[in-house]
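For our numbering, count along the sequence shown from 1 and bump the result up by 146.
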Amino acid sequence: MRSAHPTTEQVWRDIERHIFGILAWVTPAGKARSAGIVYTIADRRIYIVTGPRTWKARHIAGNPHVSITVTIPKRAPLMPWIKIPAAAITFHGKATIRPIDEAPAPILHALLRGLEKEVTHLDMCLIEITPVGHFVTYGIGVPMFVMRHPERATARVPVSPR
């Protein structure tokens with residue numbers, strides 16, 4: 147049976163096809179926190195918007211090391227009532243908090259979906275995340291029946307091709 151061997155390009159393509167993930171960080175007290183995010187990608191960096199005074203922005207400003215998990219729904223064709231675990235891509239990266247006015251127009255448009263003209267009235271900042279190391283994947287590039295065997299459905303893939 148086949149084991150997972152996704153390529154860097156395949157993993158990036160799967161991340162780019164989605165817009166929702168879970169961002170995790172550590173507080174100054176060493177406590178783990180996470181939040182659902184809507185993201186976009188440009189030049190292999192992940193961008194999100196948030197308020198500059200949110201816990202997320204304040205904690206990330208103090209410790210830029212973050213983790214993101216993107217889940218990719220799986221469905222059995224013609225049998226939608228069968229519950230199948232989602233595939234997942236997890237990676238860590240370095241986050242930078244930027245003023246919202248530094249965001250390129252296409253990124254703002256993708257994140258704010260028509261509200262970008264109001265950005266001067268919104269108290270927001272941009273979080274730019276540069277992935278580092280490896281993607282850790284489950285269920286990427288394998289048939290659904292292989293996902294029953296975690297040792298064959300998981301892989302480590304470099305964030306950047308060598």
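Note that the Cβ used here is the ideal one computed from N, Cα and C, for glycine as well.
{"query": "Proximity below 9 Å, CB of residue 190 to CB of residue 276", "result": "yes"}
{"query": "Beta-carbon contacts of residue 161 that lie in its chain and below 7 Å, excluding the five residues immediately before and after", "result": "187, 216 and 235"}
{"query": "Integer Cβ distance of residue 206 from residue 232, believed to fall under 8 Å", "result": "Rounded, the Cβ-Cβ distance is 25 Å, inconsistent with contact."}
{"query": "7 Å Cβ shell around residue 269 - same chain, five flanking residues per side excluded", "result": "197 and 198"}
{"query": "Residue 151 - DSSP class collapsed to helix/strand/coil", "result": "coil"}
{"query": "Cβ shell of residue 297 (< 6 Å), same chain only, five flanking positions each side left out", "result": "none"}
{"query": "Reduced DSSP secondary structure (H/G/I, E/B, other) of residue 98", "result": "Absent from the model: residue 98. The displayed extent of the chain is 147 to 308, so no value can be given."}
{"query": "Residue range of the beta strand (DSSP E) that includes residue 169", "result": "166 to 172"}
{"query": "Status (buried if at least 16 other CB within 10 Å, exposed otherwise) for residue 289", "result": "exposed"}
{"query": "Close-in-space but distant-in-sequence residues of the same chain around residue 152 (CB under 7 Å, 5 per side omitted)", "result": "283, 286, 287, 301 and 303"}
{"query": "Buried/exposed call for residue 166, threshold 16 Cβ in 10 Å", "result": "exposed"}
{"query": "For residue 292, the three-state DSSP class (helix, strand or coil)", "result": "helix"}
{"query": "C-beta atoms of residue 271 and residue 203 nearer than 9 Å", "result": "yes"}
{"query": "Residue range of the beta strand (DSSP E) that includes residue 182", "result": "178 to 184"}
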